[in-house]
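A.B. asks:
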Amino acid sequence: MTIMIDTGNHIAAKAAVMAKPDVVAAYPITPQTTLVEGIASFKAAGEFTGEYICVESEHSAMSACIGASAAGSRVFTGTSSHGLLLMHEMLHWAALARLPIVMCNINRVVGPGWNIWADENDSISQRDTGWIQFYCSSNQEIFDTVIQAFKLAEHEKISLPVMISYNAFVLSHTSMPVDIPEQKVIDDFLGKYKPQWKLDVKNPITFGNIIGPVGYFNVRKAMINAHENALKLIPQIAQEWKQKSGYYHGGLIEEYKCDNAEYILLCMGAIGAESKVAIDEMKKKGIKIGLARVRTFRPSPIDEFIRLGNKADLIVIDRNISPGLGGALFAEVKSAIYDKSDAKVYGFIAGLGGTDVTYKDIETMCKKAINGKAKESELYGVVEV
Amino acid sequence: MKKYKVVTSISYPTKGAMGKTGSWRVFKPIFDKEKCIKCLRCWIFCPESSIKQEKDGTISIDYEYCKGCGICAAECKVKAIIMEREVQK
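Chains as they are written, first to last, in the numbering used here: chain A, 2 to 386; chain B, 185 to 273.
#1: Please state whether the Cβ-Cβ distance between A:ARG294 and A:GLY273 is less than 8 Å.
#2: Does DSSP classify A:ILE54 as helix, strand or coil?
#3: Look at the Cβ atom of A:GLY51, then the Cβ atom of A:VAL24, and state whether they are nearer than 8 Å.
#4: Pairing CB atoms from the region 353-361 of chain A with CB atoms from the region 105-123 of chain A, are three or more of them under 8 Å?
#5: Would you say A:THR207 reaches chain B, if we count a Cβ-Cβ gap shorter than 8 Å as a contact?
#6: For A:ALA72 and A:ASN204, what's the separation of their Cα atoms in angstroms?
#7: Write down the C-beta distance between A:ASN106 and A:ASP123 rounded to the nearest angstrom, noting that I regard them as a contact closer than 8 Å.
#8: Across which residues does DSSP place A:GLN134 in a beta bridge pair?
#9: Tell me, to the nearest whole angstrom, how far the beta carbon of A:VAL163 is from that of A:ALA154; I am working on the premise that it is less than 8 Å.
#10: If you reduce the DSSP assignment to three classes, tell me which class A:SER323 lands in.
#11: Is it the case that the Cβ atoms of A:SER173 and A:THR8 are separated by a distance below 8 Å?
#12: Using a Cβ distance threshold of 8 Å, determine whether the region 204-224 of chain A contacts the region 191-204 of chain B, with at least three qualifying pairs required.
#13: By Cβ distance below 6 Å, which residues in the same chain neighbour A:SER246 in space, the five residues on each side in sequence not counted?
#14: When the Cα atoms are used, what is the spatial distance from A:GLN141 to A:LYS284?
#15: Helix, strand or coil for B:PHE211, going by three-state DSSP, please let me know.
#16: With C-beta atoms as the reference, is A:ILE338 less than 8 Å away from A:PHE306?
#17: Using Cβ-Cβ distances below 9 Å, what residues of the region 192-217 of chain B are close to chain A?
#18: Do we get a CB-CB distance below 8 Å when we pair A:SER160 with the residues of chain B?
#19: Extract the residue ranges of the beta strand (DSSP E) inside the region 221-250 of chain A, only unbroken runs of 3 or more that lie entirely within it.
#20: Taking 8 Å as the threshold, find out whether the region 221-236 of chain B comes into contact with the region 245-264 of chain B through three or more Cβ pairs.
#21: Are any of the Cβ atoms in chain A nearer than 8 Å to that of B:LYS189?
#22: Does the distance from the CB of A:GLY251 to the CB of A:ALA262 come in under 8 Å?
#23: Helix, strand or coil for A:TYR360 per DSSP?
#24: To which residues does DSSP link A:LEU267 through a beta bridge?
#25: Taking B:GLU238 as the reference, which of B:GLY252, B:ILE221, B:GLY254, B:CYS253 has the closest Cα?
#26: If you reduce the DSSP assignment to three classes, tell me which class B:THR198 lands in.
#27: Taking Cβ positions, are A:ASN168 and A:ASN108 nearer each other than 8 Å?
#28: On the DSSP bridge list, what partners appear for A:ALA27?
#29: At 7 Å on the CB atoms, spell out the chain A contacts of B:LYS186, in chain order.
#30: Residues of the region 236-251 of chain A with a CB closer than 8 Å to any CB of chain B: list them in chain order, please.
#31: Have a look at A:ASP304 and A:VAL346 and give me their C-alpha separation to the nearest angstrom.
#32: Where does A:ALA103 sit, in a helix, a strand or coil, going by DSSP?
#33: If distances are taken between C-alpha atoms only, which option among A:SER139, A:ALA17, A:GLU379 comes closest to A:PHE349?
#34: With a threshold of 8 Å on Cβ separation, who are the neighbours of B:PHE211 within its own chain once the five nearest residues in sequence on each side are excluded?
#35: Run through DSSP, which three-state label would A:LEU200 get?
#36: Give a yes or no on whether the C-beta atoms belonging to A:ILE6 and A:SER176 are separated by under 8 Å.
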């Protein structure tokens, strides 16, 4: 085990290279650029021995990943914001073709106006593509989740692509110390990739061709089953990694001081790390509040939401918005617990456009809800200009 | 042939998986054996494997599956294949 002090992007590059992908196909975009540059540096130094395909767009990047994965390769890529949106068509493609591609997405605002800061609307708008989605709150978690993602994606009961999202700059360009395990630990954990299917001249098949209504419904059913399997396998793989590496960031969710809580705060990404400070501060003041940081947005941890809703009232902070509805996590939590729990659910939308969300802001939002002064769902932190 | 367990849109080689696609044809390739120089460009380029090699080195066309795309006629350098409007009988 060595300690590497580096940015989220460089840590993700290190994790990706240690997973030994056969192919990386990527196109640079702020704030992901230093991730793919990191992989290119490892390639130049001979530490990454797979193929590095430079492409002309993100649509091509994902298409190249699909081709490589269909040929039986372990594949990694990374993108952000408009790059992710340009991939949208191929994201559906990768998932329906059941290709276990692992991708980091650095959560960045969608334009216009042009803005490179943290906001989750890019990945939230990909939620129905069939990709498994993780949200990370520290550089250590980025490293560990990239490794876990390969294991999960390639599992015979899953065979789905996995997206690992983390906030622009807050994590992507912020250095933190990260424990890097020995290569052998990762090799033993992941094993050799055995594709569920592949294009092979010795066994000729085609894929992605015409399929009738009945066949297509079966493809969807199989994908739904894979997501249900993921609900069990994500916590299991997180535990296995804990035993190998000593690091654990939760399964589907990470609970923090939820014992005897009367209120539980739910959020995703880097706000989850800041929330721990806010929880500690509020605990000191005698407020019975805990944190449930959502690691897995897809599949949705519905049973966990119900369990939490039967313990406490829920406060949800979203760094995203579905315009005309509200925060995505807020809407999903409410939908999950409907008829199963009497918990009140308060929603705040904060940090849009990359506005800062400090522990003090989180404390203010929680207190507003606890004191009965919050609307069911409201924006927090809009400064009139 | 190896079959995979995973449920996605994988096709295994088989004849006419989508039925007799010759019925989709609007234009029909007509082969003139006299002009044929046996280069087999049509056979190489046909995307539907509807050009068959014959023992004498020329070709024949499988009208049950030929969709009438016209690639064979476009590729033929000696105009031994021409496209004619399909006539419903």
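C-beta: ideal position from N, C-alpha, C; glycine also.
C.D. replies: So, to answer that:
#1: Translated into the one-based positions of the first sequence, residue 294 of chain A becomes position 293. Translated into the one-based positions of the first sequence, residue 273 of chain A becomes position 272. Yes, the pair counts as a contact, with Cβ atoms nearer than the cut-off.
#2: The residue you call residue 54 of chain A lines up with position 53 of the first sequence. A:ILE54 falls in the strand class under three-state DSSP.
#3: Your numbering for residue 51 of chain A matches position 50 in the first sequence. Your numbering for residue 24 of chain A matches position 23 in the first sequence. Yes, the pair counts as a contact, with Cβ atoms nearer than the cut-off.
#4: yes
#5: Working through the first sequence from its first residue, we reach residue 207 of chain A at position 206. Cβ-Cβ to chain B under 8 Å: yes for A:THR207.
#6: The residue you call residue 72 of chain A lines up with position 71 of the first sequence. The residue you call residue 204 of chain A lines up with position 203 of the first sequence. Cα-Cα distance, rounded: 12 Å.
#7: Position 105 of the first sequence, counted from the start, is the residue given in the question as residue 106 of chain A. Position 122 of the first sequence, counted from the start, is the residue given in the question as residue 123 of chain A. The pair is a contact, with the Cβ atoms about 7 Å apart (cut-off 8 Å).
#8: In the first sequence, the residue the question calls residue 134 of chain A occupies position 133. DSSP output for A:GLN134 lists A:MET164, A:ARG299 as bridge partner(s).
#9: Looking up residue 163 of chain A in the first sequence gives position 162. Looking up residue 154 of chain A in the first sequence gives position 153. That belief holds up - the Cβ atoms of A:VAL163 and A:ALA154 are roughly 5 Å apart, short of 8 Å.
#10: Position 322 of the first sequence, counted from the first residue, corresponds to residue 323 of chain A. Note: A:SER323 maps to strand in three-state DSSP.
#11: Counted from its first residue, the first sequence places residue 173 of chain A at position 172. Counted from its first residue, the first sequence places residue 8 of chain A at position 7. Yes, they are a contact pair.
#12: yes
#13: Working through the first sequence from its first residue, we reach residue 246 of chain A at position 245. Same-chain partners within the cutoff: PRO182.
#14: Your numbering for residue 141 of chain A matches position 140 in the first sequence. Your numbering for residue 284 of chain A matches position 283 in the first sequence. Approximately 26 Å between the Cα atoms of the pair.
#15: By 1-based counting over the second sequence, the position of residue 211 of chain B is 27. Looking at B:PHE211 - three-state DSSP - the assignment turns out to be strand.
#16: Here residue 338 of chain A refers to the residue found at position 337 when the first sequence is read from its first residue. Here residue 306 of chain A refers to the residue found at position 305 when the first sequence is read from its first residue. Yes.
#17: THR192, SER193, ILE194, SER195, TYR196, PRO197, ALA201, MET202
#18: Position 159 of the first sequence, counting from 1, holds the residue named residue 160 of chain A. Yes, A:SER160 counts as interfacial toward chain B.
#19: none
#20: yes
#21: To locate residue 189 of chain B, count along the second sequence from 1; it is residue 5. Taking Cβ atoms only, chain A reaches closer than 8 Å to B:LYS189, which makes this a yes.
#22: Your numbering for residue 251 of chain A matches position 250 in the first sequence. Your numbering for residue 262 of chain A matches position 261 in the first sequence. No. Outside cutoff.
#23: In the first sequence, the residue the question calls residue 360 of chain A occupies position 359. Helix.
#24: Looking up residue 267 of chain A in the first sequence gives position 266. BP columns for A:LEU267 point to A:ALA293, A:VAL317.
#25: Mapped onto the second sequence, residue 238 of chain B falls at position 54. If we check each option's Cα against that of B:GLU238, B:ILE221 comes out closest.
#26: As a first step, residue 198 of chain B must be located in the second sequence, where it is residue number 14. DSSP places B:THR198 in coil when its eight states are reduced to three.
#27: Numbered from 1 along the first sequence, position 167 holds the residue referred to as residue 168 of chain A. Numbered from 1 along the first sequence, position 107 holds the residue referred to as residue 108 of chain A. Against a cut-off of 8 Å, the Cβ pair of A:ASN108 and A:ASN168 comes out as a contact.
#28: Here the question's residue 27 of chain A lines up with position 26 in the first sequence. A:CYS55, per the DSSP bridge assignment.
#29: In the second sequence, residue 186 of chain B corresponds to position 2, counting from 1. Under the 7 Å cutoff, chain A gives ASN204.
#30: none
#31: By one-based count along the first sequence, residue 304 of chain A stands at place 303. By one-based count along the first sequence, residue 346 of chain A stands at place 345. Approximately 16 Å between the Cα atoms of the pair.
#32: As a working mapping, residue 103 of chain A is identified with position 102 in the first sequence. The amino acid occupying residue 103 of chain A in the given sequence is Val; Ala does not appear at that position. Note: A:VAL103 maps to strand in three-state DSSP.
#33: Locating residue 349 of chain A in the first sequence gives position 348, where the first residue counts as 1. A:PHE349 has its Cα closest to that of A:GLU379, out of A:SER139, A:ALA17, A:GLU379.
#34: What you label residue 211 of chain B is simply residue 27 of the second sequence in a count that begins at 1. Excluding sequence neighbours, B:PHE211 sits near GLY252, GLY254, MET267, GLU268, ARG269, GLU270.
#35: The residue given as residue 200 of chain A occupies position 199 in the first sequence. In this structure, A:LEU200 counts as coil in the three-state DSSP scheme.
#36: On the first sequence, residue 6 of chain A is found 5 positions in, with the first residue counted as 1. On the first sequence, residue 176 of chain A is found 175 positions in, with the first residue counted as 1. Yes. Within cutoff.
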